[in-house]
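Written out below as structure tokens is the structure these notes cover.
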Amino acid sequence: MTKLEEFTALIVNETIDFKSPVEKLEIINTQIRETKIKMDLTEYKAAIETHQQQMEAHLNSLERFQDHFDTKVKQAKIYPNWAVVVFIASVILGIGSLVLLLMYYV
Numbered sequence: 001m002t003k004l005e006e007f008t009a010l011i012v013n014e015t016i017d018f019k020s021p022v023e024k025l026e027i028i029n030t031q032i033r034e035t036k037i038k039m040d041l042t043e044y045k046a047a048i049e050t051h052q053q054q055m056e057a058h059l060n061s062l063e064r065f066q067d068h069f070d071t072k073v074k075q076a077k078i079y080p081n082w083a084v085v086v087f088i089a090s091v092i093l094g095i096g097s098l099v100l101l102l103m104y105y106v
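Count the sequence shown with this note's numbering and you get residues 1 to 106, in order.
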């Protein structure tokens, strides 16, 4: 009987020793569940703001380039006006001379 009493005493002691860490873990668990974690986003906000400013500056420079390019295209002329007038006049004179030649020989 003494061995049985020793074993039961040992089991009781072990359960008592096990009970106190379990209670501590339960307290820690409730503290963890109640704790709210806040992320520090200030670094990310600063990085995003600088990136956004860079993107706005880039878009502005692209818009300025597009406006400059559009004005250059509007101002660009493939042929000067005088060359176009001379070409049209020479075509009219050429056709007129051909008509006169055909009328002369026919």
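Just so it is clear, CB atoms sit at the ideal spot from N, CA and C, and this is done for glycine as well. These figures come from a predicted structure and were not determined experimentally.
Let me know the secondary structure DSSP gives methionine 39 once reduced to three states.
DSSP places methionine 39 in coil when its eight states are reduced to three.
Excluding the 5 residues preceding and the 5 following valine 22 in the sequence, name in chain order all residues of the same chain whose CB lies nearer than 7 Å to its CB.
Cβ-Cβ distances below 7 Å link valine 22 to nothing in the same chain once the five nearest sequence neighbours on each side are left out.
Straight-line gap, glutamate 14 to isoleucine 28 (C-alpha atoms, nearest Å):
Their Cα atoms are separated by approximately 22 Å.
Alpha carbon to alpha carbon, what distance is there between phenylalanine 65 and serine 90?
Spanning the two alpha carbons is a distance of roughly 40 Å.
Secondary structure of lysine 77, DSSP reduced to three states
It is coil, neither helix nor strand.
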